[in-house]
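Notes for the one structure printed next.
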Amino acid sequence: MRDSGDERFRCAVSGSQGSAGSPSVKYLTLVLAAALCSACAQLPDEVLPQQSGEIVWRRDAAADAVAARRIDEALAAGVDVERAAQIALLASPDLQAQFETLGIARADYLSAASAPNPVIDWQRRALADGGGATVDWGLTTQLIDLLTLPARRRAAAIELDGARLEAALAVQHLAIEARERHLRALTAARIAELRRQHADLGRLAFEVAGRYRDAGNLKMLDFEQERTSFLHAQQTADDAALEALNARFELARLMGVLEREAPVKLLGAVPALPQGDPPVAASEAEALRARLDVQAARRRVEASVARLGTARATRIVPQLEGGAVRETDASGERSRGPALALELPLFDARTAEVAARHAESRLAMRRAEALALDVRLEVRSAQAALANARRRAELWTKEVVPARAKIVDGTSREFFFMLRGPFDPMHARQEALEAEIESVAALRDYWLARLQLARASGDLSLARFAPAVAETSK
Amino acid sequence: MTDRDTLSRRQLLLAAGVAGAAGGAGAATDTGPARAPSSSRAPLVTLNGRSLPFKMKGGVKEFHLIAEEIEHEFAPGTRIKAWGYNGSTPGPTIEAIEGDRVRIFVTNKLPEHTTVHWHGILLPNGMDGVGGLNQPQIAPGETYVYEFTLRESGTRMYHPHADEMVQVAMGMMGLIIIHPRVDPHPVQRDFAILLHNWAVHPGTYRPDPSVMTDFNLWTMNGKVFPMIDPMVVRTGQRVRIRIGNLSMHEHPMHLHGAHFKVVGTDAGRIPESAQWPMTTSLVPVGGTVDIEFTASLPGDWAFHCHKSHHTMNAMGHEIPNPLGVKQRDLDPQISKHLPGYFSMGEHGMAEHQVHTDMSFHDTPENTLPMAMGKGPYGNLEMGGMMTILKVRDRLQSYADPGFYEAPAGTRARRVSQDPNFKP
Ligand SMILES: [Cu+2]
Numbered sequence: 000m001r002d003s004g005d006e007r008f009r010c011a012v013s014g015s016q017g018s019a020g021s022p023s024v025k026y027l028t029l030v031l032a033a034a035l036c037s038a039c040a041q042l043p044d045e046v047l048p049q050q051s052g053e054i055v056w057r058r059d060a061a062a063d064a065v066a067a068r069r070i071d072e073a074l075a076a077g078v079d080v081e082r083a084a085q086i087a088l089l090a091s092p093d094l095q096a097q098f099e100t101l102g103i104a105r106a107d108y109l110s111a112a113s114a115p116n117p118v119i120d121w122q123r124r125a126l127a128d129g130g131g132a133t134v135d136w137g138l139t140t141q142l143i144d145l146l147t148l149p150a151r152r153r154a155a156a157i158e159l160d161g162a163r164l165e166a167a168l169a170v171q172h173l174a175i176e177a178r179e180r181h182l183r184a185l186t187a188a189r190i191a192e193l194r195r196q197h198a199d200l201g202r203l204a205f206e207v208a209g210r211y212r213d214a215g216n217l218k219m220l221d222f223e224q225e226r227t228s229f230l231h232a233q234q235t236a237d238d239a240a241l242e243a244l245n246a247r248f249e250l251a252r253l254m255g256v257l258e259r260e261a262p263v264k265l266l267g268a269v270p271a272l273p274q275g276d277p278p279v280a281a282s283e284a285e286a287l288r289a290r291l292d293v294q295a296a297r298r299r300v301e302a303s304v305a306r307l308g309t310a311r312a313t314r315i316v317p318q319l320e321g322g323a324v325r326e327t328d329a330s331g332e333r334s335r336g337p338a339l340a341l342e343l344p345l346f347d348a349r350t351a352e353v354a355a356r357h358a359e360s361r362l363a364m365r366r367a368e369a370l371a372l373d374v375r376l377e378v379r380s381a382q383a384a385l386a387n388a389r390r391r392a393e394l395w396t397k398e399v400v401p402a403r404a405k406i407v408d409g410t411s412r413e414f415f416f417m418l419r420g421p422f423d424p425m426h427a428r429q430e431a432l433e434a435e436i437e438s439v440a441a442l443r444d445y446w447l448a449r450l451q452l453a454r455a456s457g458d459l460s461l462a463r464f465a466p467a468v469a470e471t472s473k
Numbered sequence: 000m001t002d003r004d005t006l007s008r009r010q011l012l013l014a015a016g017v018a019g020a021a022g023g024a025g026a027a028t029d030t031g032p033a034r035a036p037s038s039s040r041a042p043l044v045t046l047n048g049r050s051l052p053f054k055m056k057g058g059v060k061e062f063h064l065i066a067e068e069i070e071h072e073f074a075p076g077t078r079i080k081a082w083g084y085n086g087s088t089p090g091p092t093i094e095a096i097e098g099d100r101v102r103i104f105v106t107n108k109l110p111e112h113t114t115v116h117w118h119g120i121l122l123p124n125g126m127d128g129v130g131g132l133n134q135p136q137i138a139p140g141e142t143y144v145y146e147f148t149l150r151e152s153g154t155r156m157y158h159p160h161a162d163e164m165v166q167v168a169m170g171m172m173g174l175i176i177i178h179p180r181v182d183p184h185p186v187q188r189d190f191a192i193l194l195h196n197w198a199v200h201p202g203t204y205r206p207d208p209s210v211m212t213d214f215n216l217w218t219m220n221g222k223v224f225p226m227i228d229p230m231v232v233r234t235g236q237r238v239r240i241r242i243g244n245l246s247m248h249e250h251p252m253h254l255h256g257a258h259f260k261v262v263g264t265d266a267g268r269i270p271e272s273a274q275w276p277m278t279t280s281l282v283p284v285g286g287t288v289d290i291e292f293t294a295s296l297p298g299d300w301a302f303h304c305h306k307s308h309h310t311m312n313a314m315g316h317e318i319p320n321p322l323g324v325k326q327r328d329l330d331p332q333i334s335k336h337l338p339g340y341f342s343m344g345e346h347g348m349a350e351h352q353v354h355t356d357m358s359f360h361d362t363p364e365n366t367l368p369m370a371m372g373k374g375p376y377g378n379l380e381m382g383g384m385m386t387i388l389k390v391r392d393r394l395q396s397y398a399d400p401g402f403y404e405a406p407a408g409t410r411a412r413r414v415s416q417d418p419n420f421k422p
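Protein chains in written order, with numbering that gives the first Met the number 0: chain A, 0 to 473; chain B, 0 to 422.
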């Protein structure tokens, strides 16, 4: 993979290779895992496990067609969480747009890294009496620009590195967001299903109430109570179905396949609560090392420092034009020799320019510092959110749901002994379903918090879901 | 009296189920319950119970009651923490003879103070046992002694008169039977029953003393049908049933197969001129009723409280009435959400016992089916205050003889299955 060099997206996004990358690369593909590994070398292999997803910078119709075929295949197979990320990486126009900014950065780099163009100077001066003319030829170039070319090239390369890091970051974020959208769609679908069961129980309780009413054994008050409970449950179920539909649309939009007619076929189940959470200690420091935007900001600081160096170096001699001139005078006699034009920094000593570069580098530094604070904040609040989400998920999944199941069982037993009426076990089951809905939402929130932490810490291993939770309502 | 009537004491104990139920603190002493001065007096049978042993000390009968927390079982499937005496509720029956001087030690092993009131006995005021009024309460760990002379014969009771609401609800009670020195109205079978009600919410293990009227278990001597011993009698015998009531409800006790007279209360024998034949007698709260009759008809005769909810066990009383409600067709749909769900009671509640007997469903915690009991012809569909008077022409012992076999032509029989049958 590495030997195929700049054909690989890895090189285009990595920036740590020192290679400027080939501007002629049109089509960069890479196995996703490898891409992210080299993009941020400290990420473990399980960043996005096993499943290889291609990242394609589609720059022509042929590339689009190839990608479209793969997207069709993936959609037809059904979309689990891994495939959601793969499809997004292939199909998302947002990611393609990000890649195009990489193209612009590369163009900027090319222009900055080129040697100054030579200037040809031609003059013809005719004598007043018409007796011949003087012709001057000159070939000069900006010597200072030529001299500072290596320095400027270095700065531009660093800038390009930053752009590559940003592209890699976009890949990371897209992979995380695909997981998030998939999780939301999946949990919304599960909640809609539980709501449907809830409403179905409401309907049955209402029907049973109707039978009691028909037999003359239930007063209007109790009958209407069952009716309103049912209607409320039905409306709530409809709302949940709408939410599930929207969540699926949002997933399709994120993956970039919303225009397709077939609805996204969701696969998978709500992931269970994992054994433990990532350790809190040192995670901020790790985030500051791992996060690609932090690395990009660091590149920007380096580039601005390099540009400041150039500005300082050219302060004494801001402009130096050198070259050769040849003169042919009216008599046809030729003379030649070197030419030099020197700017004397008498009035404009480039102090403004140097000050501006100074300010630029300080700006880049302050922005990097500010970003570091944001990173710390994001990691801390994500850690806190995760801890809270775990407590909540444990409460619902380990305590409330089992307790509700016990209540359903006990109520059913008491109904069997005619200690309770028929509505009690049905209502108890409805309350158990409410608890299951809360537990699904709590698990979703846990994994959302974990994705938030993955984003905040730049540690994609946190975005890997645990195996599905066993569904209690069967 | 025929020789067959004088069964051995051991047989009697077995017949009364005493051998199995004994084991309280008082059971180990060497002397038995009061013996009749003449062999003609029938031994007292406390259904599912026993009599408290005593010792003679200087012409005084000494008894020892221990008030304590106990484990009690109404029937297999319900166990509670109750309070009682000498290991049981009701406590053992105290038997004595008119004119006896009795000394009764009362040791309190309860977590709160108690007293014993000797219900219906005329005695010195300081022995009457109303805590705070007649004596200081007996603190936990303390022993008090009561001593008095029994001036009258008849059926009496004992129970605390200290925190009575709680202690009676928890099961603290017992019977006192004072035999006449010479019984002018001898019987061959003499049974003693103490009625009680309990508020044991299904799934709990301790009676709820705050319940005032909504009791859910109705017992004779702490048991529910079919765990209540039958009363086994030979045809032609004179039978006495002594019924005390320390529950919070009156019970119209009804006997099949005989006409009886109420011959006594907790205040003694009723003059013959004031007795009249009956089949049902209301046993008042805090009172006793002695009935006597001749068992002239052989067979299995129900003896029960006529409040039909009192011959049932715990059930919901505020559930929607399922009678006549057509809902079976919804069961398959509902069982998708609640496995094993099935509706009950459309045609009546008799099917309920079929379901519970067959264990169609898991049973709830610590409660009994509302109806139990099996007879030779099917389910008895009762619980609570019900037992059977078993009258037989021949008996080897007073052990349960099994169910009566009606002679040919003396049992109701089916003659048609056509609903439009016209005789
Ligand atoms: Cu009754």
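Quick reminder that beta carbons are idealized off the backbone N, C-alpha and C, glycines included. Being a predicted model, the structure only gives us computed values, none of them experimental.
- Our two residues, B:ASP182 and B:ARG233, have alpha carbons roughly 20 Å apart in a direct line.
- Burial state of B:HIS118 is buried, judged by a 10 Å Cβ sphere holding 16 or more other Cβ atoms.
- Taking C-beta separations shorter than 7 Å and ignoring five residues to either side along the sequence, the partners of B:VAL186 in its chain run ALA41, ARG237, VAL238, ARG239 and GLU291, following chain order.
- Sixteen is the threshold: when 16 or more other Cβ atoms of the shown chains lie within 10 Å of the Cβ of A:SER91, as they do, the residue is buried.
- In this chain, the alpha helix (DSSP H) harbouring B:MET164 covers 163-168.
- Cβ-Cβ distances below 7 Å link A:LEU461 to PRO277, ARG449, LEU452 and ALA453 in the same chain, with the five nearest sequence neighbours on each side left out; the list follows chain order.
- The bridge partners DSSP lists for B:LEU64 are B:VAL105.
- The Cβ neighbour count for B:LYS222, taken over all protein chains shown within 10 Å, is at least 16; the residue is labelled buried.
- For A:SER334, there is no enclosing alpha helix (DSSP H); the residue is found in the beta strand (DSSP E) stretching over 333-341.
- Of the candidates A:LEU217, A:SER110, A:TYR108 and A:LYS264, A:LYS264 places its Cα closest to the Cα of A:ASP71.
- Chain B has no Cβ within less than 8 Å of the Cβ of A:MET254.
- Put simply, the CB of B:ASN320 is near chain A, with a gap under 8 Å to one of its CB atoms.
- Identification of residues in the segment 337-358 of chain B having a C-beta nearer than 9 Å to some C-beta of chain A yields LEU337, PRO338, GLY339, TYR340, PHE341, SER342, MET343, GLY344, GLU345, MET348, HIS351, HIS354 and THR355, given in sequence order.
- In the structure shown, A:PRO424 adopts helical secondary structure according to DSSP, grouped into three states.
- With respect to the 8 Å criterion, B:LEU46 and B:ILE242 are not classified as neighbours on the basis of their beta carbons.
- Considering only A:LEU148, A:ALA434 and A:ASP458, the residue with the shortest C-alpha distance to A:THR140 is A:LEU148.
- Straight through space, the alpha carbons of A:ARG210 and B:PHE341 are spaced by roughly 15 Å.
- A:PRO149 carries a helical assignment under DSSP once its states are collapsed to helix, strand and coil.
- Between the C-alpha atoms of B:GLU97 and B:ILE120 there is a straight-line separation of about 11 Å.
- DSSP places B:GLY374 in the strand class (E or B) of the three-state scheme.
- Note on geometry: alpha-carbon atoms of B:ILE79 and B:GLU68 lie some 10 Å from one another.
- At a threshold of 7 Å, B:LYS306 counts as near ligand 1, since its beta carbon sits closer than that to one of the ligand's heavy atoms.
- What B:HIS360 touches in chain A, judged by beta-carbon distance under 8 Å, is SER411, ARG412 and PHE415, going in chain order.
- A Cβ-Cβ contact shorter than 8 Å links B:SER280 with B:MET252.
- A contact between stretches requires three or more CB pairs, one per stretch, nearer than 8 Å, and the segment 379-390 of chain B meets this requirement with the segment 295-314 of chain B.
- Collapsing the DSSP output to three states places B:LYS56 in a strand.
- In the structure shown, B:THR355 adopts helical secondary structure according to DSSP, grouped into three states.
- In the DSSP assignment, B:PRO251 falls within the unbroken beta strand (DSSP E) covering 250-254.
- The DSSP assignment places 188-197 and 216-219 as complete runs of the beta strand (DSSP E) inside the segment 185-230 of chain B, in order along the chain (cut-off: 3 residues).
- Between the segment 153-173 of chain B and the segment 191-198 of chain B, the count of C-beta pairs closer than 8 Å reaches three or more; the two stretches touch.
- The beta carbons of B:MET369 and A:MET417 sit closer together than 8 Å.
- Under the DSSP definition of a beta bridge, A:TYR108 lacks any partner.
- Where B:ASN244 is concerned, the enclosing beta strand (DSSP E) starts and stops at 237-244.
- Just measuring C-alpha positions, the residue of B:TYR145, B:ASP99 and B:GLU364 sitting nearest B:THR114 is B:TYR145.
- Within chain A, the residues placing a beta-carbon under 7 Å from that of B:VAL324 are ARG210, TYR211, ALA214 and ASN216, ordered along the chain.
- In this chain, the alpha helix (DSSP H) harbouring A:ARG412 covers 400-415.
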